[in-house]
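Protein chains: 2
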Amino acid sequence: MSLEVEGADEAQTEAVTKNLVFMAAERLFALHGFQNVSVRDITAEAGVNLASVNYHFGSKDALLFEIFRRRTTELNRERARLLHEANDRHGGKPPVREILAALFIPPLRWMAPENDRRISLQFLIRARSEGTEEIRTILRTDVTHLRRFSDALTAARPDLPDVEVYWRLHFVLGMLHNNRFSEFDRMNALAEGRMGEGDTAALLERMLDFAEAGFIR
Amino acid sequence: MSLEVEGADEAQTEAVTKNLVFMAAERLFALHGFQNVSVRDITAEAGVNLASVNYHFGSKDALLFEIFRRRTTELNRERARLLHEANDRHGGKPPVREILAALFIPPLRWMAPENDRRISLQFLIRARSEGTEEIRTILRTDVTHLRRFSDALTAARPDLPDVEVYWRLHFVLGMLHNNRFSEFDRMNALAEGRMGEGDTAALLERMLDFAEAGFIR
DNA sequence: GTCAGTTTCATACGGCCGTAAGACTGCCCT
DNA sequence: AGGGCAGTCTTACGGCCGTATGAAACTGAC
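And the structure:
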């Protein structure tokens, strides 16, 4: 349940231009939203030619989708690995807190201030609500990733009806997805700046305390 | 802590066209997002002339803002009234569950399937993340409404550090704002349709149980 | 050195966008 | 009767958008 960063390399030296576009687009989409960023904005930010987007990705929609796909895969893989490790530690039946930690830790790692994946997380959160119809369809349809977690949770709380588990997982995901800049800033304004965003380790414990309490009850 | 609907009239007979535009715009914005809906879409849906938006509201941005302002005011007023009633019932110091109920009940009332305010809630949730810079600034700046609730919560839990209250309120609002169609559909797909969206009274109790547990802990 | 293949470049096209301008309509007030 | 006016209509303008095209530049193999 630690937040230490682990080796996240990825060679990806192929096609410098394609990568410049990818990174610039992810950044701008995350900051301003899909519809508010034009292909011209992206190529200008990346310092490449206007036609690059359509040459390397096919279309603006396809670019968005590829970023979404890659980041989602990465996030899901990290989560699955942590859940797997929790399974190993507890003989295939980890307690609720460990399951929730596997769900929380990857995005919280990404969110750490010095982490350059911070923008990727903002992108994912945004794409979830503002994405293309294609993205929304996938989100609605492909729930295999979540199933691992709901299964683990029902195993950890066999006394709880399935439906109850789903609802509480729904609430927990709401907590998690609300961690975007603007919402945090709002609450921090209310707290007159005393919320201290930086400490992600403390945030993890806070979130686990809150979510676990709601789950164990 | 009941969900019975109360008198929500509002005369609003002024300028039929203006109202048609208002309603059509709210609906389309809620369903498809601000950037994905054109002035032409709105006026077509409303069955009025293209120029109506600019004549009655000044601009598309101003239209969005006016819808946001009105719905926010209505929601905040309902919440404030419920909190006030809770105060009266408990001599100015209601327990956590009552405070959270004052926060949850208005949006849940709006969300009830037969309620025509359902679309207004979807609009508000969307505007919160996709709105204009002006809307985001207001959300970030104007926290007077939230202060009533954070004050009440710190009074109900004087042993808890202020900062802790803000964090937990942040989590609770995350739970609440995640109640959009798409997110629910996702979880309901995972539950194979067994989540039974319709019963908002049960949902209220479920949310209160979860949030209260996290707060009391 | 040539040629095929890949990548970059400048440019343009058609389309939809938000907004403005000005003519027109109906209604009330005097 | 007639003038004023709020509201509605048609139409068009300039602008930015995503994408397509074809030429130019580059790369490596032989």
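Chains A and B, in that order, give the protein sequences.
Residues in the first sequence are numbered from 43 upward in steps of one, following our numbering.
Residues in the second sequence are numbered from 43 upward in steps of one, following our numbering.
We put the beta carbon where it would ideally sit given N, CA and C, even for glycine.
Note that this is a predicted model, so its numbers are computed, not measured.
Can you pull the chain A residues whose beta carbon is under 9 angstroms from the beta carbon of residue i, in chain order?
i      : result
Q77/B  : G75, F76, Q77, N78 and E172
M237/B : V205, Y208, W209 and H212
L117/B : Going along chain A, no residue has its Cβ under 9 angstroms from L117/B, so there is no contact; the nearest lies around 15 angstroms.
Taking the alpha-carbon of residue i as reference, which of the options has the nearest alpha-carbon?
i      : options                           : result
L92/A  : F107/A, R111/A, A144/A and A67/A  : A67/A
A233/A : D227/B, D204/B, M229/B and D241/B : D204/B
N221/A : A128/A, D83/A, G75/A and A154/A   : A154/A
L142/A : A197/A, L250/A, H212/A and N157/A : L250/A
F213/B : A244/B, I258/B, A253/B and W152/B : A253/B
Q77/B  : T179/B, W209/B, G240/B and G173/B : G173/B
V95/A  : F107/A, V81/A, D201/A and A86/A   : V81/A
G235/A : S101/B, R160/B and E206/B         : E206/B
I161/A : V58/A, F223/A and A57/A           : F223/A
R259/A : D201/A, V79/A and G134/A          : D201/A
A198/B : F110/B, F257/B and L124/B         : F257/B
M229/A : L245/B, L188/B, R131/B and I177/B : L188/B
G238/B : Y208/A, A243/A and N129/A         : Y208/A
V90/A  : K60/A, D103/A and V79/A           : K60/A
R248/B : I167/B, R170/B, R178/B and L150/B : L150/B
L163/B : E156/B, W152/B and V185/B         : W152/B
L166/B : T242/B, E87/B, R113/B and G240/B  : R113/B
E225/B : E156/A, R178/A, H132/A and E87/A  : R178/A
V138/B : M65/B, L246/B, T196/B and G240/B  : T196/B
T186/B : D103/A, A244/A, N129/A and A231/A : A231/A
F110/B : D241/B, I180/B and R190/B         : I180/B
T115/A : G240/A, L246/A, D184/A and A244/A : D184/A
L105/B : R119/B, L125/B and I84/B          : I84/B
Output, in chain order, the set of chain A residues within a Cβ distance shorter than 7 angstroms of residue i.
i      : result
M217/B : F213, G216 and M217
S162/B : Simply none; closest approach about 17 angstroms.
N61/B  : Per Cβ cutoff of 7 angstroms: no residues; N61/B is ~27 angstroms from chain A at best.
N129/B : Within 7 angstroms Cβ-Cβ: nothing; N129/B doesn't reach chain A, min ~20 angstroms.
Under the assumption that residue i contacts residue j (Cβ atoms under 8 angstroms), give the Cβ distance between them as a whole number of angstroms.
i      : j      : result
P148/B : L117/B : 6 angstroms
G216/B : H219/A : 7 angstroms
D280/A : R182/B : Beyond the ends of chain A as shown, which are 43 and 259, falls residue 280/A; an answer cannot be given.
A255/B : A255/A : 4 angstroms
H98/B  : A57/B  : 7 angstroms
E175/B : F107/B : Not confirmed; about 11 angstroms, so no contact.
L70/A  : V79/A  : 4 angstroms
R121/A : L145/A : 6 angstroms
S192/A : S171/B : With a Cβ gap of about 26 angstroms, S192/A and S171/B do not count as contacting.
Taking C-beta pairs closer than 8 angstroms, name the residues in chain B that residue i reaches, listed in chain order.
i      : result
D227/A : R182
What residue range does the alpha helix (DSSP H) around residue i cover?
i      : result
S80/A  : That residue, S80/A, is in no alpha helix (DSSP H); it is neither H nor E in DSSP.
V251/B : It should be pointed out that residue 251/B corresponds to Asp in this sequence rather than to Val. Residues T242 to I258.
G216/B : D204 to H219
V58/B  : V58 to H74
D201/B : Looking at the DSSP string, D201/B is not in any alpha helix (DSSP H), and its letter there is neither H nor E.
L181/B : E175 to T183
S263/B : Not covered by the structure: residue 263/B. The range shown for chain B is 43 to 259.
S101/A : From DSSP, S101/A is part of no alpha helix (DSSP H); its letter is neither H nor E.
List the residues of chain A whose Cβ lies closer than 8 angstroms to the Cβ of residue i, in chain order.
i      : result
D251/B : G256 and R259
N157/B : Result: empty, since nearest Cβ-Cβ is about 21 angstroms, beyond 8 angstroms.
Can you pull the chain B neighbours of residue i, defined as C-beta to C-beta under 7 angstroms?
i      : result
S101/A : What S101/A touches in chain B: nothing, since even the nearest Cβ is about 17 angstroms away.
L232/A : V185, L188, R189, S192 and Y208
R178/A : S224
N91/A  : The premise fails here: N91/A is roughly 26 angstroms from chain B at the closest Cβ pair, so nothing lies under 7 angstroms.
Since residue i meets chain B, which of its residues come closer than 9 angstroms, beta carbon to beta carbon?
i      : result
R248/A : E206, W209, R210 and F213
N96/A  : Here the premise fails: no neighbours, minimum Cβ distance about 21 angstroms.
Complete alpha helix (DSSP H) runs within the region 117–173 of chain A (minimum length 4 residues, chain order): The region 117–173 of chain A contains these whole alpha helix (DSSP H) runs: 138–153 and 160–172.
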